[in-house]
Structures are given as structure tokens and as C-alpha cells.
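**Q** In my numbering, the protein residues as written are 2 to 450.
My questions will all concern the structure given below.
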RNA sequence: GCCCCCAUCGUCCAGCGGCCUCGGACGCCGGCCUUUCAAGCCGGAAACACGGGUUCGAAUCCCGUUGGGGGCACCA
């Protein structure tokens with residue numbers, strides 16, 4: 002049987018680095034096994050969805066080098082792969098589950114739900130709704146006829162439990178005492194996430210659901226729906242979440258969380274992809290710079306770490322620098338030139354491009370990000386030279402600065418020919434005379450120049 | 001309050017009962033190289049959360065404690 006996985010983001014924000022990692026793991030898993038990677042859009046939240054986010058998610062995945070075999074924009078046998086186009090199907094499933102007795106129309110008011118919560122808390126129990134206010138067929142029919150349809154809830158078997166073996170976490174058991182009769186179909190006829198997502202997984206014949214740990218507690222609901230639908234239960238794998246340096250969930254206050262922000266900050270897609278792959282998974286040996294081919298060849302869901310991982314920007318920067326240095330010179334220039342031009346606000350002349358090409362290998366050695374290049378080459382193309390007051394002060398206020406400068410001036414004045422070798426010889430002579438070290442004596446000259 | 005997950009250096013990963021006085025990477029510190037800064041090379045500090053078991057033997061298995069994370073909507 003061919004493996005089928007899916008990545009199903011909601012277009013309610015830019016693609017998050019955590020989402021990027023989830024997508025990557027799904028993709029690696031599929032590629033490793035020769036399976037099918039489906040991209041679906043869980044866009045049932047019409048209030049928060051935007052086309053801009055939808056576009057960003059697609060662009061970010063593509064930038065990371067993740068392609069999909071089926072789904073949004075790629076087509077496939079299951080329609081548009083957008084949940085917003087499938088409301089009729091979700092409603093149909095909900096109604097058939099009501100007909101079979103697996104679900105019911107519910108009449109609980111918010112006040113009643115709240116009362117149950119308070120009661121449970123007082124008793125030290127889980128605040129679960131158990132269906133005590135379900136409507137009879139006649140009552141439900143009356144409300145539907147009156148244009149005031151009730152929501153549909155799943156009748157969770159009580160007592161009972163749902164158990165499954167999570168591919169990364171092992172056996173997991175949830176007592177139904179902690180799973181409530183959740184809403185599947187809202188009173189306005191729209192599906193909730195649990196219904197839509199599960200129906201899609203069943204309809205699209207998904208074999209492995211690989212997603213964030215944040216939805217681990219919802220998994221029994223999804224398994225229950227799958228079973229009453231008569232669907233085949235997929236394998237589940239819940240990935241640990243990404244944290245900030247303080248151990249808290251990675252969020253804006255820790256820095257950038259969107260994949261696009263890293264692209265804009267001058268990171269290479271290969272480096273980001275490598276970093277994300279290694280964050281929670283190891284190819285086995287001690288090597289951490291790993292090629293795409295190796296990743297695909299060795300990826301193993303069962304070997305994925307259960308620990309929450311801290312997103313360490315410093316390591317990403319190191320890795321990006323490594324990838325930058327590993328690029329062939331021409332490729333580096335090709336990647337850097339557009340950014341330099343964009344920073345400068347104009348295109349470079351042929352001569353300038355050539356000058357840039359000549360110094361590029363020098364900056365390639367020391368840049369950690371593509372965005373660090375422009376400041377280093379600006380002097381090549383601008384008449385006005387800006388200097389950094391901080392470094393000026395730091396060097397020029399040293400007691401050796403005056404002697405170094407005077408000595409250098411004298412030494413250079415006496416030169417007939419200015420060449421690399423003659424200038425160097427003159428300056429070395431100056432160092433000799435003044436007794437200054439290379440660092441103390443040459444740095445002021447460098448800054449002055 | 002209730003439920004679930006997690007627990008090896010500051011951070012990520014390796015270790016899946018003896019090969020461990022725990023290995024690698026980033027970061028940090030020191031040195032070498034070097035006309036700066038990087039890069040590179042060499043070296044160093046740095047961890048099995050705690051308490052009980054199981055076992056001839058535990059970082060590895062079990063239980064508890066503590067700590068951290070996630071979830072408990074007609075949001076996804």
C-alpha cells in the first residue's frame with residue numbers, strides 16, 4: 002500500500018517555522034517511502050483566512066524545496082483540496098452519523114455547558130459535556146423547521162477509552178471521561194476542525210497523520226469520527242513543538258517566526274531546511290550538515306525526538322554561513338547580486354558588477370547572511386564613504402594611533418612606486434621603527450584609509 | 001481545576017542494560033594561523049533533574065516527586 006501523508010495548514014498566518022518543520026517531516030517521510038505528499042488547505046475559519054496567507058504558505062514551501070504531488074494547485078482525484086469547497090460533504094457525513102445514532106442534535110445552552118464545567122471543577126473532574134441535553138428527533142426536527150438548527154455533537158461512548166500507538170511517542174490512552182461530546186457541525190451548518198480534518202483524512206485515504214503535538218489531545222476525537230465513519234484509522238505521529246530560548250512556545254517576542262522572514266533576512270533555503278531537519282531528528286552519525294539526498298535516504302519517523310526543541314538562531318546562522326561558503330563562487334555572486342542591487346536601490350553597471358565579482362570571494366568567506374554583503378561592498382560603488390564612528394573612536398583614541406599614522410605617512414611619502422609589495426615593505430619598515438605590533442600599528446591606518 | 005506529553009552539557013542531537021570516568025554540533029573560553037575581521041586548525045570548561053525500585057549490572061526498564069510544555073471553544 003502506498004503511503005499518503007498530508008500537510009494541512011490554515012491560511013490564518015504566514016507559514017511558521019514550526020509548520021515548515023512539520024511540512025518537511027511529512028515530505029521527507031513520503032519521499033523516503035516513495036509515498037504521496039498531499040497539500041490541503043484547512044480553511045474553515047472564514048473569519049481569519051486571507052488569500053495573502055494562502056499564497057505565503059505555498060511560496061514558503063516552494064522556497065524550502067518542498068513540492069507536493071497532490072492538492073492545492075497540483076490537482077488530484079479529490080477536488081480542490083480546500084475545505085471551504087467541501088461543506089456539503091461535511092454536512093452529509095454529520096447527518097448520516099446522526100441517522101446512524103453515532104451523533105446527535107444537541108440542545109444544550111451556553112449556560113448549561115458552563116454549569117457542567119463548574120460542577121466538574123468542584124468535583125475535581127474533567128469538564129466534559131456528556132450529551133445530557135441532547136434533543137429528541139422531534140425536537141430537532143422542530144428546530145430545523147423553525148430555521149433554528151441545533152449543532153451536531155458526536156456521541157462519545159461512555160464508559161470507554163481510545164488507545165493508539167503514536168509513531169513517535171508510543172502507546173497513548175485517553176479515557177473517555179476526559180473526551181467530551183464535541184461539536185462537529187455548528188448550528189450554522191459549518192463543520193468544525195475536527196470533522197472537516199477527519200473527513201478529509203478519510204476521504205483522501207491518508208495513511209499517516211504527522212502533525213504538531215498541540216493536537217495530540219484531539220486525536221481521540223479524530224479516531225472516534227474515523228471509526229463511526231467506517232474509515233481506516235491512519236497512523237498518527239505527533240511532533241514536539243518548537244520553543245524560544247526561554248523554553249516557552251516560540252512566538253514573535255523571540256524573534257521571527259515566519260519562514261518568509263528568514264528568506265528576507267538573507268538565509269539560504271538549503272540551510273534553513275537542513276537546520277529544521279536536524280532540529281528533532283538525527284541522520285544517525287555525528288554529521289549535521291546533511292544533503293537532501295541523505296535526508297531522504299535516512300529519514301525515519303520513529304527516530305524523531307520527543308523532546309520539545311529550542312529554536313537556536315545562532316546555530317542557524319552558523320549553518321547558513323557554512324552553506325554560503327560552500328557555494329561555488331559564481332553561484333554566490335548570482336545569489337548576492339540581486340540583494341546588493343535591491344539594497345542599493347539601483348542596478349549595478351557592468352564595471353561595478355565586475356568589481357563586485359572580484360571582491361565577492363572575500364565577502365563570501367565572512368558573511369553569515371546574504372544581507373550582510375551590501376555593507377561590505379558599498380564602498381565599491383559609492384563616492385561618499387561613510388565610516389563607523391564606533392570603530393573610529395575605538396582605534397583612533399589608542400595611544401599608538403598617532404605614532405602609527407605619522408610613521409606611515411613618512412614611510413609612504415618616500416615611496417617612488419606604489420605597489421602592493423612596496424607599500425607593504427614601507428609599512429613593515431614603519432612597524433620595525435616604531436616597535437608597534439601589526440595589530441596596533443596597522444589598524445589605525447586601515448581605519449583612516 | 002482536569003487530561004496528555006516531555007526530562008543527557010547553556011542549546012540541538014547520539015546513547016535504546018554492560019563497549020559510558022556519556023560522544024558530536026552550535027555557542028562560550030584559550031591557543032595557532034593571520035597586516036584587521038572572518039574562515040580554518042588545535043585545546044578547554046560544560047550534562048545523565050531528584051528519590052525509590054527491577055537487575056550480577058542502569059543515562060538506558062518500572063514507580064513516584066519535581067520541573068517544563070501542550071490541551072480542555074459552535075478557533076484551527
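Glycine is no exception: its CB is placed at the ideal position from the N, C-alpha and C atoms.
1) Leaving aside the five residues before and after residue 275 along the sequence, list all residues of the same chain whose C-beta is less than 7 Å from its C-beta, in chain order.
2) So the beta strand (DSSP E) residue 290 belongs to, where does it begin and stop?
3) Tell me the rounded alpha-carbon separation between residue 214 and residue 242.
4) List the endpoints of the continuous alpha helix (DSSP H) containing residue 56.
5) Does residue 30 come out as helix, strand or coil in the three-state DSSP assignment?
6) Where do the ends of the alpha helix (DSSP H) carrying residue 276 lie?
7) Which class does residue 237 belong to by DSSP, given the choice of helix, strand or coil?
8) Does the Cβ-Cβ distance between residue 132 and residue 103 come in under 8 Å?
9) Quick check on the DSSP output: the alpha helix (DSSP H) that includes residue 262 runs from which residue to which?
10) Could you pull the DSSP bridge partners for residue 213 from this structure?
11) Measuring only the C-alpha atoms, how far is residue 198 from residue 66?
12) How would you write the range of the beta strand (DSSP E) that residue 163 sits in, first residue to last?
13) Specify the secondary structure class of residue 134 as computed by DSSP and reduced to three states.
14) Just the Cα atoms here: how many angstroms apart are residue 226 and residue 266?
15) On the criterion of 16 or more Cβ atoms from any shown chain inside 10 Å, does residue 419 qualify as buried, or is it exposed?
16) Check this for me: beta carbons of residue 278 and residue 25, under 8 Å apart or not?
17) Assuming residue 194 is part of the alpha helix (DSSP H), what are its boundary residues?
18) Of all the beta strand (DSSP E) runs that stay within the bounds of the stretch 82 to 167, which reach a length of 3 or more residues?
19) What does DSSP give as the partner residue(s) for residue 311 in the beta ladder?
20) What whole-angstrom Cβ distance do residue 222 and residue 180 have, given they're in contact under 8 Å?
21) Return the chain-ordered list of same chain residues with a C-beta closer than 6 Å to the C-beta of residue 129, the five sequence neighbours on each side being excluded.
22) Can residue 196 and residue 336 be called in contact, C-beta distance under 8 Å?
23) Taking the C-alpha atoms as reference points, what is the distance between residue 60 and residue 244?
24) Between the alpha carbons of residue 117 and residue 127, how many angstroms are there, rounded?
25) Determine, using beta-carbon pairs with one atom in the stretch 35 to 44 and one in the stretch 296 to 314, whether at least three such pairs fall under 8 Å.
26) Would you decide whether residue 12 is buried or exposed? Buried here means 16 or more other CB atoms lie within 10 Å of its CB.
27) Using beta-carbon positions only, say whether residue 369 and residue 332 come within less than 8 Å of one another.
28) Around the C-beta of residue 434, are 16 or more other C-beta atoms found within 10 angstroms, so that it is buried, or is it exposed?
29) So, with DSSP's three-state summary, where would you put residue 17?
30) When the Cα atoms are used, what is the spatial distance from residue 349 to residue 329?
31) Starting from the N-terminal side, write out each stretch of the alpha helix (DSSP H) that is 4 residues or longer and does not extend beyond the stretch 322 to 358.
32) Within this structure, are the beta carbons of residue 134 and residue 300 separated by less than 8 Å?
33) By the three-class DSSP mapping on this structure, what secondary structure does residue 174 have?
34) For residue 73, count the other beta carbons within 10 Å of its own beta carbon; 16 or more makes it buried, fewer makes it exposed. Which is it?
35) Identify the continuous alpha helix (DSSP H) that holds residue 380 and give its terminal residues.
36) Would you tell me roughly how many angstroms separate the C-alpha atoms of residue 255 and residue 232, rounded to the nearest one?
**A** Let's see:
1) 290, 291, 320
2) No beta strand (DSSP E) contains residue 290, which DSSP labels as neither H nor E.
3) Spanning the two alpha carbons is a distance of roughly 6 Å.
4) For residue 56, the enclosing alpha helix (DSSP H) starts and ends at 52 to 64.
5) helix
6) 270 to 279
7) strand
8) At a Cβ-Cβ threshold of 8 Å, residue 132 and residue 103 do not count as neighbours.
9) 260 to 265 is the span of the alpha helix (DSSP H), which, as asked, contains residue 262.
10) 240
11) Looking at the two C-alpha atoms, the distance is approximately 25 Å.
12) 162 to 167
13) coil
14) 43 Å
15) exposed
16) yes
17) 194 to 204
18) With a minimum length of 3 residues, the continuous beta strand (DSSP E) runs that stay inside the stretch 82 to 167 are 104 to 106, 153 to 155, 162 to 167.
19) 244
20) 6 Å
21) 181
22) With a cutoff of 8 Å on beta-carbon distance, residue 196 and residue 336 are scored as not near each other.
23) 24 Å
24) 10 Å
25) no
26) buried
27) No, Cβ-Cβ distance for residue 369 and residue 332 is not below 8 Å.
28) exposed
29) DSSP places residue 17 in strand when its eight states are reduced to three.
30) 21 Å
31) 330 to 345
32) no
33) strand
34) buried
35) First-last of the alpha helix (DSSP H) with residue 380: 374 to 382.
36) 41 Å
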